[in-house]
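Read the structure below first, then the notes.
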Amino acid sequence: ICKGEDVKTKLEMFLNVKDMEFQYLPGDSIGILPKNPKKEVEALLNILDLNEVADDQFEISLVECGKISSKKKIPIHVPKYTTIRNLFETCLDLRAIIKKSFIRALMEYTTNKTEKRRLEELCSKEGSDEYNKHILEKSICLLDLLQSFPSCKPSLSLIIEHLPRLMPRAYSIASSPFVHPNSIRIVLNLVKDSRGRDGICTSWLYEKARHLLDLTTQFNALTLQNQEENNKIPIFLRKSSKFRIPMNLTSPLIMIGPGTGVAPFIGFLEHIKKQWDNENNLSSLDNTLLFGCRFKDKDYIFKEDLNLYNNRKVLNKLRVCFSRETAQDEKYVQDLFKKEKTVLINQLMKSDTFLFICGDALNMARDVQEVIVDCISEVQGISKEEAILFLKKLEKEGRYVKDVWR
Numbered sequence: 001i002c003k004g005e006d007v008k009t010k011l012e013m014f015l016n017v018k019d020m021e022f023q024y025l026p027g028d029s030i031g032i033l034p035k036n037p038k039k040e041v042e043a044l045l046n047i048l049d050l051n052e053v054a055d056d057q058f059e060i061s062l063v064e065c066g067k068i069s070s071k072k073k074i075p076i077h078v079p080k081y082t083t084i085r086n087l088f089e090t091c092l093d094l095r096a097i098i099k100k101s102f103i104r105a106l107m108e109y110t111t112n113k114t115e116k117r118r119l120e121e122l123c124s125k126e127g128s129d130e131y132n133k134h135i136l137e138k139s140i141c142l143l144d145l146l147q148s149f150p151s152c153k154p155s156l157s158l159i160i161e162h163l164p165r166l167m168p169r170a171y172s173i174a175s176s177p178f179v180h181p182n183s184i185r186i187v188l189n190l191v192k193d194s195r196g197r198d199g200i201c202t203s204w205l206y207e208k209a210r211h212l213l214d215l216t217t218q219f220n221a222l223t224l225q226n227q228e229e230n231n232k233i234p235i236f237l238r239k240s241s242k243f244r245i246p247m248n249l250t251s252p253l254i255m256i257g258p259g260t261g262v263a264p265f266i267g268f269l270e271h272i273k274k275q276w277d278n279e280n281n282l283s284s285l286d287n288t289l290l291f292g293c294r295f296k297d298k299d300y301i302f303k304e305d306l307n308l309y310n311n312r313k314v315l316n317k318l319r320v321c322f323s324r325e326t327a328q329d330e331k332y333v334q335d336l337f338k339k340e341k342t343v344l345i346n347q348l349m350k351s352d353t354f355l356f357i358c359g360d361a362l363n364m365a366r367d368v369q370e371v372i373v374d375c376i377s378e379v380q381g382i383s384k385e386e387a388i389l390f391l392k393k394l395e396k397e398g399r400y401v402k403d404v405w406r
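Written out as structure tokens, the structure reads:
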């Protein structure tokens with residue numbers, strides 16, 4: 001839905017859940033179980049000389065003192081019967097930063113004396129600075145280390161023992177079951193990690209959907225027998241206990257969500273509009289959305305939808321800022337809140353108003369909360385400490401809710 005220079009590429013995806021027991025409400029999210037990048041899986045198989053047996057099924061059991069243990073259990077993310085390829089693709093986090101304990105264990109599988117000595121340095125107490133500088137800060141994973149230490153050939157059992165689980169990725173649902181009873185919509189940025197590598201889940205999803213973006217490829221794909229299987233994505237519902245649309249759809253909402261943080265609020269507004277489509281009393285709604293992106297014409301996602309909701313009075317106030325537009329004073333959503341502080345704080349003082357924030361936890365959510373505290377203090381004429389206590393009270397009541405990520 002947007003791409004180009006100076007903006008993050010964003011995808012809007014609809015997932016068919018027709019044959020699943022999938023009862024959700026706006027505010028819920030899904031967990032997606034991704035696969036590690038094929039190139040990295042193949043590289044690890046090659047370096048360990050496991051290509052020829054990668055697709056052979058085998059049984060995993062726990063051995064204690066040379067005997068199979070019946071008391072201890074295999075970790076839940078490791079199947080009892082599987083293949084090496086499946087383990088590397090779906091079960092183990094191949095990009096996990098390698099820990100000192102793993103490096104120490106790898107020494108026993110390293111034949112070159114110089115390499116072994118270097119591994120010993122990295123995992124020693126005296127080598128903490130070296131470990132931080134060369135492993136931790138550079139996000140070095142098992143594959144990186146094996147490529148740098150070619151005489152190191154660990155056993156498969158050691159790798160299973162030390163690599164953590166490939167964790168599911170969470171995405172907010174951007175739709176209403178009233179409008180899309182058999183599908184869910186998600187919105188995502190194509191991200192890169194600290195080393196510039198494509199994100200594991202977003203790049204995997206993009207590859208899944210890429211043929212659908214190319215109409216020619218899509219037409220050709222109709223002849224592929226395994227196309228339906230290739231389009232399956234393992235998901236599960238993550239029901240939210242608090243970040244959900246209120247049961248009373250007339251409750252005033254203040255929604256703050258820049259970028260893809262707007263996703264759950266699209267679901268909220270779609271839900272409200274559908275519920276009220278046959279009503280003439282939309283003027284009684286009092287909903288505010290503060291949204292931010294970089295440019296007016298490049299990454300203003302859901303522009304048409306938001307304008308429709310605004311025109312139909314599903315949204316009472318739609319305020320948008322653009323951080324890279326030089327002509328605008330308000331660059332970020334917290335600037336929009338400052339500008340509307342009197343109206344918003346007075347609205348927040350009402351006993352039925354809900355405040356929702358969705359997006360980046362490291363910067364946006366923290367900065368927005370600081371601004372809200374300042375505005376409460378200023379408008380209500382109370383101290384910052386009292387304003388903080390008021391926000392904590394709202395949070396305890398479930399009327400100030402955040403869905404944030406790092």
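One point on numbering: in full-length UniProt numbering, the residue at position 84 of the sequence shown is 84, and numbering is uninterrupted.
Virtual Cβ for every residue (Gly too), placed ideally from N, Cα, C.
query: Around the C-beta of Lys273, are 16 or more other C-beta atoms found within 10 angstroms, so that it is buried, or is it exposed?
result: Translated into the one-based positions of the sequence shown, residue 273 becomes position 273. That one is buried.
- request: Give the single residue among Lys313, Lys296, Glu340 and Asn310 whose Cα lies nearest to the Cα of Cys321.
  value: Within the sequence shown, residue 321 is the residue found at index 321, counting from 1. Cys321 has its Cα closest to that of Lys296, out of Lys313, Lys296, Glu340 and Asn310.
query: Any idea if Gly4 is buried or exposed, counting beta-carbon neighbours within 10 angstroms, 16 or more meaning buried?
result: If you number the sequence shown from 1, residue 4 lands on position 4. The residue is exposed, with fewer than 16 neighbouring Cβ atoms inside 10 Å.
query: Leu142 and Leu166: beta carbons closer than 8 angstroms?
result: Counting from one through the sequence shown, the residue named residue 142 turns up at place 142. Counting from one through the sequence shown, the residue named residue 166 turns up at place 166. Cβ atoms of Leu142 and Leu166: not closer than 8 angstroms.
message: Please return the same chain residues whose Cβ sits closer than 6 angstroms to the Cβ of Leu11, not counting the five positions on each side in sequence.
response: In the sequence shown, the residue the question calls residue 11 occupies position 11. Once the five neighbours on either side are set aside, the close Cβ partners of Leu11 are Leu188.
- prompt: Per DSSP, Lys321 is paired with what?
  reply: As a working note, residue 321 is residue 321 in the sequence shown. Here residue 321 turns out to be Cys, not Lys, going by the sequence shown. Gly292, per the DSSP bridge assignment.
query: With a cut-off of 8 angstroms, do at least 3 Cβ pairs link the stretch 135-152 to the stretch 109-121?
result: yes
- prompt: What is the DSSP secondary structure of Glu397, reduced to helix, strand or coil?
  reply: Within the sequence shown, residue 397 is the residue found at index 397, counting from 1. Of the three classes helix, strand and coil, the one that applies to Glu397 here is coil, per DSSP.
- prompt: What is the DSSP secondary structure of Ser337, counted as helix, strand or coil?
  reply: Residue mapping note: residue 337 aligns to position 337 of the sequence shown, counting from 1. One detail in the question is off: residue 337 reads as Phe in this sequence, not Ser. Three-state DSSP puts Phe337 in a helix.
field: Under 8 angstroms between C-beta atoms of Gly27 and Phe243
entry: In the sequence shown, residue 27 corresponds to position 27, counting from 1. In the sequence shown, residue 243 corresponds to position 243, counting from 1. Against a cut-off of 8 angstroms, the Cβ pair of Phe243 and Gly27 comes out as a contact.
task: Apply the 10 Å Cβ neighbour rule to Glu370 and answer buried if 16 or more other Cβ atoms are within range, or exposed otherwise.
output: On the sequence shown, residue 370 is found 370 positions in, with the first residue counted as 1. Exposed, since its Cβ has fewer than 16 Cβ neighbours within 10 Å.
message: Determine whether the beta carbon atoms of Arg210 and Gly31 lie at a separation below 8 angstroms.
response: The count along the sequence shown starts at 1 and reaches residue 210 at position 210. The count along the sequence shown starts at 1 and reaches residue 31 at position 31. Contact flag unset, no.
N-terminal and C-terminal residue of the alpha helix (DSSP H) that Leu119 is part of: The residue given as residue 119 occupies position 119 in the sequence shown. Looking at the DSSP string, the run of the alpha helix (DSSP H) that includes Leu119 is Lys113 to Cys123.
query: Would the stretch 322-331 and the stretch 341-359 be scored as touching if the rule is three or more Cβ pairs under 8 angstroms?
result: no
query: Between Ala54 and the rest of its own chain, which residues show a CB-CB distance below 6 angstroms, the 5 nearest in sequence each way excluded?
result: By one-based count along the sequence shown, residue 54 stands at place 54. Excluding sequence neighbours, Ala54 sits near Leu45, Ile84 and Arg85.
Close-in-space but distant-in-sequence residues of the same chain around Ile160 (CB under 8 angstroms, 5 per side omitted): What you label residue 160 is simply residue 160 of the sequence shown in a count that begins at 1. The residues are Ile60, Val78, Leu87 and Leu92.
task: Pick helix, strand or coil for Thr82, following the three-state DSSP scheme.
output: Looking up residue 82 in the sequence shown gives position 82. In this structure, Thr82 counts as strand in the three-state DSSP scheme.
- prompt: Is Leu249 helix, strand or coil by DSSP?
  reply: Stepping through the sequence shown from its first residue, residue 249 is reached at position 249. Note: Leu249 maps to coil in three-state DSSP.
query: What is the rounded straight-line gap between the Cα of Asp286 and the Cα of Leu318?
result: Mapped onto the sequence shown, residue 286 falls at position 286. Mapped onto the sequence shown, residue 318 falls at position 318. Asp286 and Leu318: Cα-Cα distance of roughly 11 angstroms.
Proximal residues to Tyr300 (C-beta, below 6 angstroms), its chain only, five neighbours per side dropped: Residue 300 sits at position 300 when you count from the first residue of the sequence shown. Cys293, listed in sequence order.
- request: Pick helix, strand or coil for Phe354, following the three-state DSSP scheme.
  value: In the sequence shown, counting from the first residue as 1, residue 354 sits at position 354. Of the three classes helix, strand and coil, the one that applies to Phe354 here is strand, per DSSP.
task: Identify, in the order they occur along the chain, each residue of the same chain with its Cβ nearer than 7 angstroms to the Cβ of Ile345, setting aside the five sequence neighbours on each side.
output: Counted from its first residue, the sequence shown places residue 345 at position 345. The answer, listed in chain order, is Cys375, Ile376, Val379 and Gln380.
Length at least 4, wholly inside the stretch 12-100: the alpha helix (DSSP H) runs in chain order: 38-47
- request: Would you mind reading off the limits of the alpha helix (DSSP H) that contains Arg312?
  value: For the purposes of this step, residue 312 is identified with residue 312 of the sequence shown, where counting begins at 1. Arg312 -> no alpha helix (DSSP H), and no H or E assigned at all.
- request: With Ile160 as the anchor, note down where its alpha helix (DSSP H) starts and where it stops.
  value: Mapped onto the sequence shown, residue 160 falls at position 160. Unbroken alpha helix (DSSP H) run through Ile160: Leu156 to His162.
field: Leu394 to Asn363 span [Cα, whole Å]
entry: Within the sequence shown, the letter at position 394 stands for residue 394. Within the sequence shown, the letter at position 363 stands for residue 363. Each residue's alpha carbon lies about 22 angstroms from the other.
query: Using the C-alpha atoms, what's the distance from Glu64 back to residue 453?
result: In this structure the chain extends from 1 to 406, so residue 453 is not present and cannot be described.
message: Measuring straight from C-alpha to C-alpha, what distance separates Gln225 and Glu207?
response: For the purposes of this step, residue 225 is taken as the residue at position 225 of the sequence shown. For the purposes of this step, residue 207 is taken as the residue at position 207 of the sequence shown. Reliability fails at Gln225, whose pLDDT of 49 lies under 50, so the model's placement of it is uncertain and the value that follows must be treated cautiously. Between Gln225 and Glu207, the C-alpha separation is close to 18 angstroms.
task: Check each candidate in Ser128, Thr114 and Asn112 and name the one with the smallest Cα separation from Lys99.
output: Here residue 99 refers to the residue found at position 99 of the sequence shown. Ranking the options by Cα distance to Lys99, first place goes to Ser128.
message: Once the 5 residues before and after Thr111 are set aside, which same chain residues still bring their CB inside 6 angstroms of it?
response: The sequence position of residue 111 within the sequence shown is 111, counting from 1. Counting only Cβ-Cβ distances below 6 angstroms, and skipping sequence neighbours, we find Ser151.
task: At 4 residues or longer, and completely inside the stretch 134-198: list those alpha helix (DSSP H) runs for me, N to C.
output: 142-148 and 156-162
- request: Leaving aside the five residues before and after Lys18 along the sequence, list all residues of the same chain whose C-beta is less than 6 angstroms from its C-beta, in chain order.
  value: Stepping through the sequence shown from its first residue, residue 18 is reached at position 18. Here the set comprises Asn182.
Under 8 angstroms between C-beta atoms of His271 and Ser124: Taking the first residue of the sequence shown as position 1, residue 271 is located at position 271. Taking the first residue of the sequence shown as position 1, residue 124 is located at position 124. Cβ atoms of His271 and Ser124: not closer than 8 angstroms.
message: Let me confirm a value: Arg406 is counted as buried when at least 16 other C-beta atoms fall within 10 Å, else exposed. Which label applies?
response: As a working mapping, residue 406 is identified with position 406 in the sequence shown. Burial call: exposed.
task: Can you grab the Cα-Cα spacing for the pair Val333 / Val401, in whole Å?
output: If you number the sequence shown from 1, residue 333 lands on position 333. If you number the sequence shown from 1, residue 401 lands on position 401. Distance between the alpha carbons of Val333 and Val401 is about 17 angstroms.
Spatial neighbours of Val373 in its chain, beta-carbon cut-off 8 angstroms, leaving aside the 5 residues before and after: By 1-based counting over the sequence shown, the position of residue 373 is 373. For Val373, where only same-chain residues beyond five positions count, the Cβ hits under 8 angstroms are Lys384, Ala387, Ile388 and Leu391.
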